[in-house]
Amino acid sequence: MIDTHCHLFKGEYDELDVLLENIKKAGIICIVNGCDMVSNNEVLELSNKFDFIYSAIGFHPSEVDNLPDNYLKFLEENINCVVAIGEIGLDYYWVKDNKNEQIELFESQLKLAEKYNKPVIVHSRNAWNDTYNILSKYKVRGVIHAFSGSLEMANKFIKLGFKLGIGGVITFKKCNLKDVIKEVDIKDIVLETDSPYLSPEPVRGKQNSPLNLKYIAEFISNIKDISYIDVCKITSNNASKLFDL
Numbered sequence: 000m001i002d003t004h005c006h007l008f009k010g011e012y013d014e015l016d017v018l019l020e021n022i023k024k025a026g027i028i029c030i031v032n033g034c035d036m037v038s039n040n041e042v043l044e045l046s047n048k049f050d051f052i053y054s055a056i057g058f059h060p061s062e063v064d065n066l067p068d069n070y071l072k073f074l075e076e077n078i079n080c081v082v083a084i085g086e087i088g089l090d091y092y093w094v095k096d097n098k099n100e101q102i103e104l105f106e107s108q109l110k111l112a113e114k115y116n117k118p119v120i121v122h123s124r125n126a127w128n129d130t131y132n133i134l135s136k137y138k139v140r141g142v143i144h145a146f147s148g149s150l151e152m153a154n155k156f157i158k159l160g161f162k163l164g165i166g167g168v169i170t171f172k173k174c175n176l177k178d179v180i181k182e183v184d185i186k187d188i189v190l191e192t193d194s195p196y197l198s199p200e201p202v203r204g205k206q207n208s209p210l211n212l213k214y215i216a217e218f219i220s221n222i223k224d225i226s227y228i229d230v231c232k233i234t235s236n237n238a239s240k241l242f243d244l
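Heads up, the sequence shown is in numbering that gives the first Met the number 0, so the first residue is 0 and it goes up one at a time.
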């Protein structure tokens, strides 16, 4: 299986080395996403050390007020070391008075992705329309991370060439995402955990890890009435093609 979005950082896990060994034993491939300069450097270090870890680097919208002056130079210098630019995007949930700055940051990274033909891993919270309209302007492909929108919006992103990143939220009892994913072709889905966040049922409330990817695959298998093995194979193939793994 391939976890297309996780954050395996020293500051998040007490025994990261043990976890990494268990992930390796389980045969899980991870795309670890950075979000600021510190985590981006840690991602690059991890991917150099472990052959089952690939790196995605980028600057999250929450970092818009703390950007280093050389952030684009840093991304460009490391572009050949990563499989994607991410986690990037828009987040209007916490702060709404810096939308223009967020959009500028988002577009600057999309331009870089377009220039080097790199996929992007996109964060979008309370910003579906802006995210879609901006992505429509660029020749880029990638993943809509933690997708939670409507079926209409899902289809719009899919038509742009994006996969939907589906994680633990789909297993929550009051989540309507399951109704959307029932109608979406499995070829348009990739799996993710967003570890250490958003643990799926039945481990909700505990620290998440890529080892919990199996619960997400099992849930998708049940709602789409296809085998667990097929979910793993097809979503892994989707990710492998997209990120050229």
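Where is the CB? At the ideal position from N, CA and C, for every residue including glycine.
All values derive from a computational prediction rather than experimental measurement.
### Task
Look up Asp229 in the DSSP assignment and say whether it is helix, strand or coil.
Taking the sequence shown and counting its residues from 1, the one referred to as residue 229 is at position 230. DSSP places Asp229 in helix when its eight states are reduced to three.
#### Entry: Burial state of Cys231 (16 or more Cβ within 10 Å)
Reading the sequence shown from its first residue, position 232 is the one you call residue 231. With 16 or more Cβ atoms within 10 Å of its Cβ, Cys231 is classed as buried.
### Task
Run the CB neighbour count on Lys72, radius 10 Å, all protein chains shown included, and call it buried at 16 or more, exposed below.
Here the question's residue 72 lines up with position 73 in the sequence shown. When all chains shown are included, Lys72 counts as exposed.
### Message
For a test of the three-state rule: what should DSSP assign to Val31, helix, strand or coil?
### Response
Residue mapping note: residue 31 aligns to position 32 of the sequence shown, counting from 1. Collapsing the DSSP output to three states places Val31 in a strand.
### Query
Which first and last residues belong to the alpha helix (DSSP H) in which Thr130 is found?
Here residue 130 refers to the residue found at position 131 of the sequence shown. Per DSSP, Thr130 belongs to the alpha helix (DSSP H) from Trp127 to Leu134.
### Message
Three or more C-beta pairs under 8 Å: does that hold for the region 126 to 146 against the region 206 to 219?
### Response
no
#### Entry: Continuous beta strand (DSSP E) assignments of at least 3 residues falling wholly in the region 113 to 180
119 to 124, 141 to 143 and 161 to 165
### Message
Using a 10 Å radius around the Cβ and a threshold of 16 neighbouring Cβ atoms, would you call Ser149 buried or exposed?
### Response
One-based indexing of the sequence shown puts residue 149 at position 150. Exposed.
### Task
Note down the Cα distance separating Val168 from Lys98, rounded to an integer number of angstroms.
Position 169 of the sequence shown holds residue 168. Position 99 of the sequence shown holds residue 98. Straight-line measurement puts the Cα of Lys98 at about 26 Å from the Cα of Val168.
#### Entry: Own chain partners of Ile233 with C-beta closer than 7 Å, once the 5 adjacent residues on each side are dropped
Indexing the sequence shown from 1 puts residue 233 at position 234. Cβ within range, chain order: Ile185 and Lys186.
### Closest residue to Phe58 among Lys24, Asn154, Gln108 and Tyr91 (Cα-Cα distance)
Here the question's residue 58 lines up with position 59 in the sequence shown. Nearest option by C-alpha distance: Gln108.
### Task
With hydrogens ignored, establish whether the beta-carbon of Lys173 is closer than 8 Å to any heavy atom of the ligand FMN.
For the ligand FMN, the structure offers nothing, since it holds no ligand at all.
### Query
Going by C-alpha distance, which of Phe161, Ile102, Asp16 and Asp35 is nearest Asn69?
Residue mapping note: residue 69 aligns to position 70 of the sequence shown, counting from 1. Answer by Cα proximity: Asp35.
### Task
Going by DSSP, name the residue or residues bridged to Tyr53.
Residue numbering aside, residue 53 sits at position 54 when the sequence shown is read from its first letter. Answer is Ile30.
### Query
Whose C-beta lies closer than 8 Å to the C-beta of Lys223 among residues of the same chain, with five residues either side of it excluded?
By one-based count along the sequence shown, residue 223 stands at place 224. Answer for Lys223: Ile180, Lys181, Ile185 and Val230, listed in chain order.
### Task
Hey, could you find the ends of the beta strand (DSSP E) Leu89 is sitting in?
In the sequence shown, the residue the question calls residue 89 occupies position 90. That run of the beta strand (DSSP E) goes Ala83 to Asp90.
### Task
To the nearest angstrom, report how far apart Gly204 and Cys174 are at their CA atoms.
Locating residue 204 in the sequence shown gives position 205, counting from the first residue. Locating residue 174 in the sequence shown gives position 175, counting from the first residue. For Gly204 and Cys174, the distance between alpha carbons rounds to 16 Å.
### Message
Rounding to the nearest angstrom, what Cα-Cα distance links Asp50 and Val81 in this structure?
### Response
Along the sequence shown, read from residue 1 onward, the residue named residue 50 stands at position 51. Along the sequence shown, read from residue 1 onward, the residue named residue 81 stands at position 82. In a straight line, the C-alpha of Asp50 is about 13 Å away from that of Val81.
### Task
Let me know if Glu44 comes out buried or exposed under the rule of 16 or more other beta-carbons within 10 Å of its beta-carbon.
The residue given as residue 44 occupies position 45 in the sequence shown. Per the 10 Å Cβ criterion, exposed.
#### Entry: Same chain only: Cβ atoms within 7 Å of Phe8, ignoring 5 sequence neighbours per side
Here residue 8 refers to the residue found at position 9 when the sequence shown is read from its first residue. Cβ within range, chain order: Ser38 and Glu41.
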